[in-house]
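Asker: Structure incoming, see below.
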């Protein structure tokens, strides 16, 4: 990475693995979108929220990017308070 990642030292295994996967999505834009959010928020998320973030990883990068940047509306099942927090974190609006 470009020195933007915050250390995962002290994180439990689930969070460390999730953080790695969020920083290594596939397309660079999503690495920064998801990785930056992980650096800022991952340590404070509940187990249910971690499960939700893990489900985000099943969405193809291009589709997730369109939903995060607001160029396409997110499906109702994804439009949760945590997803809206991700969008707000990156300065986008629904």
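Residue numbers (my numbering): 28 to 121.
Ideal placement from N, C-alpha and C gives every residue a C-beta, glycine not left out.
(1) Identify the continuous alpha helix (DSSP H) that holds residue 80 and give its terminal residues.
(2) Start and end of the alpha helix (DSSP H) containing residue 49?
(3) Any chance the CB of residue 94 is under 7 Å from a heavy atom of the ligand FMN?
(4) Quick one: give me the first and last residue of the alpha helix (DSSP H) that residue 108 is part of.
(5) Determine the extent of the alpha helix (DSSP H) in which residue 68 is found, giving its start and end residues.
Answerer: Reading off the structure:
(1) Taking the first residue of the chain shown as 1, we reach residue 80 at position 53. Looking at the DSSP string, the run of the alpha helix (DSSP H) that includes residue 80 is 74-83.
(2) Mapped onto the chain shown, residue 49 falls at position 22. Unbroken alpha helix (DSSP H) run through residue 49: 40-50.
(3) Among the ligands in the structure shown, none appear at all, so the ligand FMN cannot be discussed.
(4) Within the chain shown, residue 108 is the residue found at index 81, counting from 1. Counting along the chain, the alpha helix (DSSP H) containing residue 108 begins and ends at 108-116.
(5) Here residue 68 refers to the residue found at position 41 of the chain shown. Where residue 68 is concerned, the enclosing alpha helix (DSSP H) stretches over 55-68.
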